[in-house]
Amino acid sequence: KAGVTQTPRYLIKTRGQQVTLSCSPISGHRSVSWYQQTPGQGLQFLFEYFSETQRNKGNFPGRFSGRQFSNSRSEMNVSTLELGDSALYLCASSLGQNNQPQHFGDGTRLSIL
Amino acid sequence: AQSVTQPDIHITVSEGASLELRCNYSYGATPYLFWYVQSPGQGLQLLLKYFSGDTLVQGIKGFEAEFKRSQSSFNLRKPSVHWSDAAEYFCAVGAGYNNNDMRFGAGTRLTVKP
Chain A
258 KAGVTQTPRY LIKTRGQQVT LSCSPISGHR SVSWYQQTPG QGLQFLFEYF
308 SETQRNKGNF PGRFSGRQFS NSRSEMNVST LELGDSALYL CASSLGQNNQ
358 PQHFGDGTRL SIL
Chain B
266 AQSVTQPDIH ITVSEGASLE LRCNYSYGAT PYLFWYVQSP GQGLQLLLKY
316 FSGDTLVQGI KGFEAEFKRS QSSFNLRKPS VHWSDAAEYF CAVGAGYNNN
366 DMRFGAGTRL TVKP
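Top line first, the protein sequences correspond to chains A and B.
If you count the first sequence from 1, you need to add 257 to reach this note's numbering.
If you count the second sequence from 1, you need to add 265 to reach this note's numbering.
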């Protein structure tokens, strides 16, 4: 069974640009969550999608948005990039039912110049 | 809101020695607790989880953790560490439906000496 796949693995952008990251969950998983990981702030929850609807949202500005498609694949978009957005962005999927753990992808390393 | 504290930023142990990584949580109700491990350049791998029942849970790679409600702790242990265990370890607490509002500790980096 394939794991969570995130593309691309590495990305370099400049300030002011926008970026879209992709996440393909484990087959059968309907919930996709996104996290930002930085040395200073650690792992922070961005948002979670279930059945194409955002079900939960962390404390991030509106520049961070996402969506989920009917096949459960998810994309995350960051607009007007700032230097502080440099981070490892992790996607996690789960069945979406209670008590089911999340399974993480290897992440997308985003660097802002 | 739930929160997690991992008091040790960095721990060094000798190969073959025992290991205990500390985790304290704050949450009003019965928490869902997790330990994840992250190797450099990779995502997080679930080691074990606690939802209810037996307070001593077994995980993969020979790890175990004990839930102690009175101490609000969920410490991770391994009787004999292998060099391949060197990584960063994260404790997490989930709340609500699907545990999707997960809060992670700051992590403990484990170094294994030969």
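Every residue gets a Cβ at the ideal spot worked out from N, C-alpha and C, and that includes glycine.
Keep in mind that this is a model prediction, so the values were computed, not measured.
Residues near residue i by beta carbon distance below 7 Å, same chain, minus five either side
i      : result
A351/B : L375, T376, V377
L311/B : F299, Y301
S374/A : The shown model of chain A, from 258 to 370, leaves out residue 374/A, and the question about it has no answer.
L340/A : R272, I369
Short CB-CB distance (under 8 Å) between residue i and chain A
i      : result
F339/B : no
G308/B : yes
F369/B : yes
F355/B : yes
D273/B : no
Residues of its chain near residue i, where Cβ-Cβ distance is below 6 Å and the 5 sequence neighbours each way are ignored
i      : result
Y267/A : R366
R330/A : S281
S345/B : G281
M375/A : Any question about residue 375/A goes unanswered here, given that chain A covers just 258 to 370.
L309/B : Y301, Q303
V322/B : L313, Y315, A330
Bridge partners - residue i, DSSP secondary structure assignment
i      : result
C356/B : W300/B
I269/A : S368/A
K343/B : L284/B
L300/A : Q294/A
S279/B : K378/B
T310/A : F307/A
S335/B : For S335/B, which the question treats as bridged, DSSP gives no partner whatsoever.
T262/A : S281/A
Contact with chain B by residue i, beta-carbon distance below 8 Å
i      : result
G362/A : yes
L278/A : no
P282/A : no
P299/A : The residue you asked about is not Pro; residue 299/A is Gly in the sequence shown. Closer than 8 Å to some Cβ of chain B, the Cβ of G299/A qualifies, so yes.
P358/A : yes
G313/A : For clarity, residue 313/A is Asn in the given sequence; the question names Gly instead. Yes, contact with chain B.
Beta-carbon proximity list for residue i, same chain, < 8 Å, skipping 5 on both sides
i      : result
G285/A : L352
Quiz item: Taking contact to mean at least 3 C-beta pairs separated by less than 8 Å, is the segment 344-364 of chain A in contact with the segment 281-300 of chain A?
Solution: yes
Exercise. Assess, as a yes-or-no matter, whether the segment 324-337 of chain A is touched by the segment 276-289 of chain B under the definition of 3 or more beta carbon pairs within less than 8 Å.
Key: no
Quiz item: Is the segment 309-323 of chain A close to the segment 275-286 of chain B, with three or more CB pairs under 8 Å?
Solution: no
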